[in-house]
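Novice:
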Amino acid sequence: MAFISEVNMSYSQSHYMDDEYEKLFRRMNPPRVVIDNGASQNATVIRVDSANKQGILLEVVQILTDLNLIITKAYISSDGGWFMDVFNVTDQDGNKVTDEVILDYIRKSLGPESCFATTMRSVGVKQTPDHTAIELMGSDRPGLLSEVSAVLTNLKCNIVNAEVWTHNMRAAAVMHVTDEETGSAITDSQRLSLIKELLCNVLGGGNRKRGAKTVVTDDSTHTDRRLHQMMFDDRDYERVDDDDFDEKQRPNVDVVNWSDKDYSVVTIECRDRPKLVFDTVCTLTDMQYVVFHANIDAEGPQAYQEYYIKHIDGSPVKSDAERQRVIHCLEAAIERRVSEGLKLELCTTDRVGLLSNVTRIFRENSLTVTRAEVTTKGGKAVNTFYVRGASGCIVDSKTIESIRQTIGNTILKVKGSPESLPQDSPTRSSIFSGLFKSRSFVNFGLVKSYS
Numbered sequence: 002m003a004f005i006s007e008v009n010m011s012y013s014q015s016h017y018m019d020d021e022y023e024k025l026f027r028r029m030n031p032p033r034v035v036i037d038n039g040a041s042q043n044a045t046v047i048r049v050d051s052a053n054k055q056g057i058l059l060e061v062v063q064i065l066t067d068l069n070l071i072i073t074k075a076y077i078s079s080d081g082g083w084f085m086d087v088f089n090v091t092d093q094d095g096n097k098v099t100d101e102v103i104l105d106y107i108r109k110s111l112g113p114e115s116c117f118a119t120t121m122r123s124v125g126v127k128q129t130p131d132h133t134a135i136e137l138m139g140s141d142r143p144g145l146l147s148e149v150s151a152v153l154t155n156l157k158c159n160i161v162n163a164e165v166w167t168h169n170m171r172a173a174a175v176m177h178v179t180d181e182e183t184g185s186a187i188t189d190s191q192r193l194s195l196i197k198e199l200l201c202n203v204l205g206g207g208n209r210k211r212g213a214k215t216v217v218t219d220d221s222t223h224t225d226r227r228l229h230q231m232m233f234d235d236r237d238y239e240r241v242d243d244d245d246f247d248e249k250q251r252p253n254v255d256v257v258n259w260s261d262k263d264y265s266v267v268t269i270e271c272r273d274r275p276k277l278v279f280d281t282v283c284t285l286t287d288m289q290y291v292v293f294h295a296n297i298d299a300e301g302p303q304a305y306q307e308y309y310i311k312h313i314d315g316s317p318v319k320s321d322a323e324r325q326r327v328i329h330c331l332e333a334a335i336e337r338r339v340s341e342g343l344k345l346e347l348c349t350t351d352r353v354g355l356l357s358n359v360t361r362i363f364r365e366n367s368l369t370v371t372r373a374e375v376t377t378k379g380g381k382a383v384n385t386f387y388v389r390g391a392s393g394c395i396v397d398s399k400t401i402e403s404i405r406q407t408i409g410n411t412i413l414k415v416k417g418s419p420e421s422l423p424q425d426s427p428t429r430s431s432i433f434s435g436l437f438k439s440r441s442f443v444n445f446g447l448v449k450s451y452s
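Under this note's numbering, the first residue of the sequence shown is numbered 2, with each subsequent residue one higher.
1. Going by DSSP, what residue range makes up the beta strand (DSSP E) through L156?
2. In chain order, which beta strand (DSSP E) runs of at least 3 residues are fully inside the region 39 to 97?
3. May I ask which residues mark the beginning and end of the alpha helix (DSSP H) holding R364?
4. How would you label D287, buried or exposed, when you count the other beta carbons within 10 angstroms and need 16 or more for buried?
5. Here's the rule: buried if 16 or more other CB atoms are within 10 angstroms of the residue's CB, otherwise exposed. What is C330?
6. Sorted by chain position, which residues of the same chain lie with C-beta nearer than 8 Å to R251's C-beta, five sequence neighbours on each side aside?
7. Can at least three beta-carbon pairs, one atom from the region 50 to 69 and one from the region 275 to 282, be found at a separation below 8 Å?
8. Should the region 36 to 53 be called in touch with the region 81 to 97, which here means at least 3 C-beta pairs below 8 Å?
9. Do R369 and R389 have their CB atoms nearer than 8 Å?
10. Which residues does DSSP pair with N253 in a beta bridge?
11. Tell me the rounded alpha-carbon separation between H180 and V383.
12. Determine whether the beta carbon atoms of I269 and Q289 lie at a separation below 8 Å.
13. Return the residue from the list A134, S190, S265 that minimises the CA-CA distance to H223.
14. Is N159 near V327, with beta carbons less than 8 Å apart?
15. What first and last residue would you give for the alpha helix (DSSP H) that runs through Y106?
16. Can you look up H223 in the DSSP assignment and give me helix, strand or coil?
17. Would you mind reading off the limits of the alpha helix (DSSP H) that contains G393?
18. Considering only residues of the same chain and omitting the five flanking positions on each side of L70, which have a CB-CB separation below 6 Å?
19. At the level of alpha carbons, what is the spacing between V339 and R372?
20. Note the first and the last residue of the continuous beta strand (DSSP E) segment covering V178.
Written out as structure tokens, the structure reads:
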């Protein structure tokens, strides 16, 4: 025991010294951020110069992505002890970024005042001052989100934020819930244990080899990154059935070794979409690869990415098996956000059980949720769902009309073929008229989402 204590003390001291050295190095070599709205005709140019360290590229990309900025071009170089990034970015409408509040936030987040911190954690339940975070991983199946939200509602939990991804027959979710009575985080250990037990039973779904995973932890990390980590750890990149997958939709990913240099070169060509750079950089980082150079071009509908990488131990990709694993993991990272089917956007006054009610309506109409984003702000719930019909088929107009009749007072917008989908019709009353107020709306669009 004494030996273990000495080892732990030695580790703590070493970790402390490394942390202090990093702080000193940052003070001596503070990051520099230059934002230029005149260098490019179509984009805002952001240049970041900083001392180099593992994960810094992901941290920079994460900050830009969280601001909903679109990266149209980028050049990255981090050979040696220095890191230089140049990003061309626009807002969601394709315009230059001129909002001084956003520009000032970028300067503070990436400049000398910043304090990057990249943390990893395992699956489980986490308490924060205002909510409890629940992480779920399990087998995907129709009605799963409905069952999960119903369990939480029955346990007097209000879902204030949630993000759900499905890929390759697996489902991952990060949910923020509060106590129905107090509106704050759930702290009772017995209640948390019951929540984990019941949700684990729902997620297990009969797949004994790959059931649900839950662990209590106090750490935290970025929601999208955590979802990538959860699905990567669950090996969702191992395909169970390629026969049903359209090869035309699969990203074109290749990995070759550069003979003159000790790099492996990763090239990616696919349909462009927001957060694409984050998804690929996140995966390379969590696979313990270092990006030394990169070129990114996404000014058109197709995106081209080129990364010069080495493993964290300094070696390039060593074998064909490793090469295939990198390719499959990057394909999976890109595919997790691509949802084919019907897009539904629901905005209404928030209330306990809202998600449970809405997803039950989907389930009763044989709709499967393939991806979901649930947010609550200022008493308003804004939910985005991507749904498909039974056996993955396209949702027909009769199903949409049935949902509209059930939900009641809604405003309906259709994206896609007007011949195949219903148009706006007079408001109907329903048993849910108290749930969906006149200021609420449901926006339906038949789309393939790349966001």
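We put the beta carbon where it would ideally sit given N, CA and C, even for glycine.
Specialist: Put simply:
1. Indexing the sequence shown from 1 puts residue 156 at position 155. Note, L156: premise wrong, no beta strand (DSSP E); not H, not E.
2. As far as the region 39 to 97 is concerned, its whole beta strand (DSSP E) runs of at least 3 residues are 45 to 52, 71 to 78, 83 to 91.
3. Looking up residue 364 in the sequence shown gives position 363. Per DSSP, R364 belongs to the alpha helix (DSSP H) from 355 to 365.
4. To locate residue 287, count along the sequence shown from 1; it is residue 286. Buried is the call here.
5. The count along the sequence shown starts at 1 and reaches residue 330 at position 329. Around the beta carbon of C330, 16 or more other beta carbons sit within 10 angstroms, so the residue counts as buried.
6. To locate residue 251, count along the sequence shown from 1; it is residue 250. Closer than 8 Å at Cβ, skipping near neighbours: E332, E336.
7. Touching, yes.
8. Verdict: yes, contact present.
9. By 1-based counting over the sequence shown, the position of residue 369 is 368. By 1-based counting over the sequence shown, the position of residue 389 is 388. At residue 369 the sequence reads Thr, which differs from the Arg that was named. In contact: T369 and R389 (Cβ atoms closer than 8 Å).
10. Translated into the one-based positions of the sequence shown, residue 253 becomes position 252. BP columns for N253 point to E270.
11. By one-based count along the sequence shown, residue 180 stands at place 179. By one-based count along the sequence shown, residue 383 stands at place 382. According to the sequence shown, residue 180 is Asp rather than His. Rounded to the nearest angstrom, the two C-alpha atoms are 20 Å apart.
12. Taking the first residue of the sequence shown as 1, we reach residue 269 at position 268. Taking the first residue of the sequence shown as 1, we reach residue 289 at position 288. No; because the gap between Cβ atoms is not below 8 Å, this pair is not in contact.
13. Working through the sequence shown from its first residue, we reach residue 223 at position 222. For the residues A134, S190, S265, the minimum Cα distance to H223 belongs to A134.
14. Within the sequence shown, the letter at position 158 stands for residue 159. Within the sequence shown, the letter at position 326 stands for residue 327. Using a Cβ distance threshold of 8 Å, N159 and V327 do not count as a contacting pair.
15. Counting from one through the sequence shown, the residue named residue 106 turns up at place 105. 101 to 111 is the extent of the alpha helix (DSSP H) around Y106.
16. Here residue 223 corresponds to residue number 222 of the sequence shown, with the count starting at 1. H223 carries a coil assignment under DSSP once its states are collapsed to helix, strand and coil.
17. As a working note, residue 393 is residue 392 in the sequence shown. DSSP places G393 outside any alpha helix (DSSP H), giving it a letter other than H or E.
18. Taking the first residue of the sequence shown as position 1, residue 70 is located at position 69. Cβ contact annotation for L70 (same chain, cutoff 6 Å, sequence separation greater than five): V90, in chain order.
19. For the purposes of this step, residue 339 is taken as residue 338 along the sequence shown, with counting starting at 1. For the purposes of this step, residue 372 is taken as residue 371 along the sequence shown, with counting starting at 1. Going by the C-alpha atoms only, they are around 9 Å apart.
20. Numbered from 1 along the sequence shown, position 177 holds the residue referred to as residue 178. Here the beta strand (DSSP E) through V178 covers 171 to 180.
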